[in-house]
Amino acid sequence: MKKILVFLLFTSLLTSGFAKPTVSGSYQIDATKNSVFHNAVGLRYLEEHCYYAAVQEFKIAISLNPNSQSAAISYNNLGRAYMALGFAEQAQDCFERAITLYGLNFEYYKNLADCYTRLGKAQQKIAEYRTSKNPLNKVMLGLLYVMSGDKRAGMITLDSFCMSEPDLIITGGVREYLRDLTLQQQQGN
6 MKKILVFLLF TSLLTSGFAK PTVSGSYQID ATKNSVFHNA VGLRYLEEHC
56 YYAAVQEFKI AISLNPNSQS AAISYNNLGR AYMALGFAEQ AQDCFERAIT
106 LYGLNFEYYK NLADCYTRLG KAQQKIAEYR TSKNPLNKVM LGLLYVMSGD
156 KRAGMITLDS FCMSEPDLII TGGVREYLRD LTLQQQQGN
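Shown next, in the form of structure tokens:
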């Protein structure tokens, strides 16, 4: 009986199909993927109006991938969450950082111009941007004109930017904004 049990135990070990798991030493944790994940979770919180949770998720996303275009997106989203909470000063810093990291997204400029307007800094910033030599600052100048009520000057400034920089990625967004603004002007008259 003992021989049969030993034989069965031995044959079951041989026929069990056990294989040692392969472990590769090249497994890496990808901070970029985790950053994208936390940004997406933050967006979900933003949609659900859980702004404090969204702020934390965006901060995690930024800390995982700080100096990239992905971080610019997270900074913009963090600024949106701060604006929803009423913290325009913190939002201003976020929008400015987003533009610094990736200055070709028109939404970042719109959000920053809105932030300046809410903070009451529109006229001060118009004076600053009017003297700037950077062509992208025309975008901000035009938006500030529009948001401060001088739509004609804003449209002229934005159209001038489109004429002088037709090949930039941001130009398409500026043209679309001008079309919408023109339609609003026509419907208002």
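Here the sequence shown is numbered in the numbering used here, starting from 6 and rising by one per residue.
Ideal placement from N, C-alpha and C gives every residue a C-beta, glycine not left out.
If you're wondering where the values come from, they're calculated on a predicted model, not measured in any experiment.
By the three-class DSSP mapping on this structure, what secondary structure does T136 have? As a first step, residue 136 must be located in the sequence shown, where it is residue number 131. In this structure, T136 counts as coil in the three-state DSSP scheme.
Where do the ends of the alpha helix (DSSP H) carrying G159 lie? As a working note, residue 159 is residue 154 in the sequence shown. In the DSSP assignment, G159 falls within the unbroken alpha helix (DSSP H) covering K156 to S169.
Let me know if S40 comes out buried or exposed under the rule of 16 or more other beta-carbons within 10 Å of its beta-carbon. Taking the first residue of the sequence shown as position 1, residue 40 is located at position 35. S40 should be labelled buried.
For K143, count neighbouring Cβ atoms within 10 angstroms of its own Cβ and tell me buried if that reaches 16, exposed if not. Taking the first residue of the sequence shown as 1, we reach residue 143 at position 138. Burial is judged here by how many other beta carbons sit within 10 angstroms of a residue's own beta carbon; K143 has at least 16 and is buried.
By Cβ distance below 7 Å, which residues in the same chain neighbour V179 in space, the five residues on each side in sequence not counted? On the sequence shown, position 174 is the one that residue 179 refers to. Close CB contacts of V179 within its chain, under the 7 Å cut and outside five residues either way in sequence, are with F111, V144, L163, F166 and C167 (chain order).
Using only CA atoms, which one of L10, H54 and F42 lies nearest to I67? Within the sequence shown, the letter at position 62 stands for residue 67. Just measuring C-alpha positions, the residue of L10, H54 and F42 sitting nearest I67 is F42.
Tell me which residue opens and which closes the alpha helix (DSSP H) that C55 is part of. As a working note, residue 55 is residue 50 in the sequence shown. Taken as a continuous stretch (DSSP letters only), C55 belongs to no alpha helix (DSSP H), as it is neither H nor E.
Does the stretch 96-105 touch the stretch 128-137, meaning 3 or more C-beta pairs lie closer than 8 Å? The stretch 128-137 makes no contact with the stretch 96-105, as fewer than three CB pairs between them are under 8 Å.
Near A86, which residues of its chain fall below 7 Å by C-beta distance, leaving aside the five closest residues on each side in sequence? Here residue 86 corresponds to residue number 81 of the sequence shown, with the count starting at 1. Non-local beta-carbon contacts of A86 in its own chain, meaning distances under 7 Å to residues more than five positions away in sequence, involve L51, Y56, A59, V60 and F63 in chain order.
Please name the residue in K115, N116 and L109 whose C-alpha comes closest to that of P171. Residue 171 sits at position 166 when you count from the first residue of the sequence shown. The shortest Cα separation from P171 among K115, N116 and L109 belongs to L109.
Hey, L148 and Y114: beta-carbon distance below 8 Å or not? Locating residue 148 in the sequence shown gives position 143, where the first residue counts as 1. Locating residue 114 in the sequence shown gives position 109, where the first residue counts as 1. Contact flag set, yes.
Classify G159: buried if its beta carbon has 16 or more other beta carbons within 10 angstroms, exposed otherwise. The sequence position of residue 159 within the sequence shown is 154, counting from 1. Sixteen is the threshold: when 16 or more other Cβ atoms of the shown chains lie within 10 Å of the Cβ of G159, as they do, the residue is buried.
Label V11 either buried or exposed according to how many other C-beta atoms from any shown protein chain fall within 10 Å of its C-beta, with 16 as the threshold for buried. Taking the sequence shown and counting its residues from 1, the one referred to as residue 11 is at position 6. V11 is classed as exposed because its beta carbon has fewer than 16 other beta carbons within 10 Å across all chains shown.
Does the beta-carbon distance from G84 to A103 come in below 8 Å? Reading the sequence shown from its first residue, position 79 is the one you call residue 84. Reading the sequence shown from its first residue, position 98 is the one you call residue 103. Taking 8 Å as the Cβ cut-off, G84 and A103 qualify as a contacting pair.
N82: first and last residue of the uninterrupted alpha helix (DSSP H) it sits in: Here residue 82 corresponds to residue number 77 of the sequence shown, with the count starting at 1. Q74 to L90 is the span of the alpha helix (DSSP H), which, as asked, contains N82.
If we count the other Cβ atoms within 10 Å of its Cβ and call it buried at 16 or more, is S169 buried or exposed? Taking the first residue of the sequence shown as position 1, residue 169 is located at position 164. Its Cβ having fewer than 16 others within 10 Å, S169 is exposed.
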